[in-house]
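Student: Dumping the structure here so I can ask a few things about it.
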Amino acid sequence: MGHTHGHGRSHPHAGARHRWRLALSFALVATYFVVELITALTTGSLALLSDAGHMAADVVALGAALAATHIATRPDSTGRRTFGSYRAEVFASGLTVLLMLGTSVYVAAEALARRGDSADLHAGPMLLVGGIGLVVNVLALLLLRGGASESINVKGAYLEVVADTVGSIGVIVAGLLVARTGLAVWDTVIALAIAAFVAVRAIVLGREVLTVLGQHAPADLDPEAVLRELQAVPGVRDVHDLHLWALTSGMNVATAHLLATPGATTDVVLAGALGVLRDRFGIDHATLQVEADASACQELSW
């Protein structure tokens with residue numbers, strides 16, 4: 062019986078590579094949040110206040126995402142974190158989901174509670190602050206877009222900023238409509254639209270977070286395809302107990318038991334299987350066990 066623990070190329074994980082993007086975005090959003098909150102309280106705009114509330118969630122989410130990249134790369138001094146602390150990034154994304162959902166529920170509740178109220182809104186400040194917010198969010202979007210496809214942590218921050226961008230556009234639209242019609246109801250309508258958009262984005266990200274935490278096979282990996290390729294490795298008669306999951310974005314993991322054909326060399330089988338996982342599926346971290354006799358492997362009870 063042979064066993065190996067395979068590692069592929071050594072490279073920093075995606076979250077660490079894009080830490081600078083998170084840091085700059087955090088600074089931009091935190092500064093703008095203070096300005097928007099003061100203006101919202103001064104003008105009494107619900108759309109502006111709802112967007113400020115979402116910006117507050119952004120400050121927390123971006124801060125958590127930034128902290129998670131540091132935690133993920135911190136050496137383990139206990140010897141008990143055998144997989145490291147990479148999941149910190151996934152937990153940070155989960156926090157982002159909760160913040161986005163909480164913000165959308167709060168904004169929707171406030172908007173519905175204010176139906177029929179006549180608010181004395183000042184469209185000028187709404188347009189000015191909304192325009193500044195749009196510029197800030199576009200800058201943050203450009204910063205985070207480069208890492209959103211590689212890291213679930215950065216993607217969570219990116220989706221937060223996407224929602225903020227929509228919120229800033231909503232504030233501008235609400236300001237224009239209020240200025241043109243004199244009806245404060247437009248402020249409520251835009252706030253509800255922002256809440257719905259944020260909720261949808263949160264649900265999409267939440268599904269990705271649950272996929273990782275539930276240790277499901279990553280979306281870009283087909284377990285059946287991996288099984289077929291391993292079965293086609295020279296010297297492999299059968300494959301069982303195949304497990305695929307993601308530790309965090311860009312760090313997929315695999316384990317499997319390989320039943321070797323009679324006379325096959327264990328080292329050759331292991332090298333071939335590891336090469337398939339690494340070169341065809343991008344799995345750099347794999348633990349494989351080669352068996353000469355299937356009866357030697359006790360079946361799992363779960």
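Residue numbers for the sequence shown follow the working numbering, so the first one is 62 and each next one is one higher.
Ideal Cβ positions, reconstructed from N, Cα and C, are used throughout, including at glycine.
It should be emphasised that the depicted structure is a prediction, and the values quoted were computed from it without experimental measurement.
What are the start and end residues of each continuous alpha helix (DSSP H) run of 4 or more residues lying completely inside the segment 263-305, in chain order?
Tutor: Within the segment 263-305, the complete alpha helix (DSSP H) runs of at least 4 residues are 284-292.
Student: Under DSSP, the beta strand (DSSP E) around residue 349 begins and ends at which residues?
Tutor: Counting along the chain, the beta strand (DSSP E) containing residue 349 begins and ends at 346-352.
Student: For the alpha helix (DSSP H) that contains residue 169, what are its first and last residues?
Tutor: That run of the alpha helix (DSSP H) goes 149-174.
Student: Extract the residue ranges of the alpha helix (DSSP H) inside the segment 94-141, only unbroken runs of 4 or more that lie entirely within it.
Tutor: Entirely contained in the segment 94-141, the alpha helix (DSSP H) runs reaching 4 residues are, in chain order, 107-133.
Student: Spatial neighbours of residue 316 within its chain, please: CB distance less than 6 Å, with the 5 preceding and 5 following residues excluded, ordered by chain position.
Tutor: Within the same chain, residue 316 has close Cβ partners 304 and 348.
Student: Kindly indicate the opening and closing residues of the beta strand (DSSP E) around residue 245.
Tutor: Segment: none, residue 245 is in no beta strand (DSSP E) and carries neither H nor E.
Student: Assuming contact is defined by CB atoms lying nearer than 8 Å, are residue 79 and residue 212 in contact in what I supplied?
Tutor: In this structure, residue 212 lies closer than 8 Å to residue 79 by Cβ.
Student: Can you give me the C-alpha to C-alpha distance between residue 206 and residue 241, rounded to a whole angstrom?
Tutor: Answer to the nearest angstrom: the Cα atoms are 35 Å apart.
Student: Among 270, 95, 260 and 208, which residue has its Cα nearest to the Cα of residue 163?
Tutor: When each option's Cα is compared against that of residue 163, the closest is 260.
Student: Let me know if residue 102 comes out buried or exposed under the rule of 16 or more other beta-carbons within 10 Å of its beta-carbon.
Tutor: With fewer than 16 other Cβ atoms within 10 Å, it is exposed.
Student: Near residue 150, what residues of its chain come up, given a Cβ to Cβ distance below 6 Å and the 5 sequence neighbours on each side ignored?
Tutor: Within the same chain, residue 150 has close Cβ partners 76, 129, 133, 214 and 309.
Student: Run through the DSSP bridge pairs and tell me what residue 309 is partnered with.
Tutor: Answer is 312, bridged to residue 309.
Student: Any heavy atom of the ligand COA within a distance shorter than 7 Å of the CB on residue 83?
Tutor: In the structure on display, the ligand COA does not appear, and there are no ligands present to speak of.
Student: Using a Cβ-Cβ cut-off of 8 Å (strictly less than) and excluding sequence neighbours within five positions of residue 288, which residues of its own chain qualify?
Tutor: Hits under 8 Å: 300 and 303.
Student: If you draw a straight line from the C-alpha of residue 104 to the C-alpha of residue 110, how long is it?
Tutor: In a straight line, the C-alpha of residue 104 is about 9 Å away from that of residue 110.
Student: Measuring straight from C-alpha to C-alpha, what distance separates residue 219 and residue 298?
Tutor: Cα-Cα distance, rounded: 46 Å.
Student: Using three-state DSSP, classify residue 325 as helix, strand or coil.
Tutor: DSSP places residue 325 in coil when its eight states are reduced to three.
Student: When the Cα atoms are used, what is the spatial distance from residue 209 to residue 86?
Tutor: Using only the alpha carbons, I get a separation of about 13 Å.
Student: If you compare alpha carbons, which of 143, 153 and 195 is closest to residue 94?
Tutor: It is 195 whose Cα lies nearest to the Cα of residue 94.
Student: Going by beta-carbon coordinates alone, are residue 120 and residue 90 separated by less than 8 Å?
Tutor: Yes; because the gap between Cβ atoms is below 8 Å, this pair is in contact.
Student: Near residue 117, what residues of its chain come up, given a Cβ to Cβ distance below 7 Å and the 5 sequence neighbours on each side ignored?
Tutor: These residues qualify, in order along the chain: 94.
Student: Please name the residue, chosen from 203, 233 and 273, that lies closest to residue 81 on a Cα-to-Cα basis.
Tutor: Minimum Cα distance to residue 81 is reached at 203.
Student: Between the alpha carbons of residue 352 and residue 332, how many angstroms are there, rounded?
Tutor: Approximately 15 Å, taken between the alpha carbons.
Student: Do you know how far the Cα of residue 267 is from the Cα of residue 314?
Tutor: Those two C-alpha atoms are separated by around 21 Å.
Student: Decide yes or no for the touch test of the segment 223-242 against the segment 137-147: beta carbon pairs closer than 8 Å, at least 3 of them.
Tutor: Short answer: they don't touch.
Student: Reducing DSSP to helix, strand and coil, say where residue 64 ends up.
Tutor: Because the pLDDT at residue 64 is just 49, under 50, the model does not fix this residue reliably, and the value given afterwards should be weighed accordingly. The answer is strand: DSSP assigns residue 64 an E or B state.
Student: Can you check which of these residues, 274, 290 and 329, is closest to residue 153 by C-alpha distance?
Tutor: Nearest option by C-alpha distance: 274.
Student: Count the other CB atoms within 10 Å of the CB of residue 334; is the residue buried (16 or more) or exposed (fewer)?
Tutor: So residue 334 counts as buried.
Student: Between the alpha carbons of residue 72 and residue 311, how many angstroms are there, rounded?
Tutor: No answer about residue 72 holds up, because its pLDDT of 44 lies below 50 and its placement is not dependable.
Student: Quick check on this structure: which residue in 126, 244 and 279 has the alpha carbon closest to the alpha carbon of residue 84?
Tutor: Measuring from the Cα of residue 84, the nearest candidate turns out to be 126.
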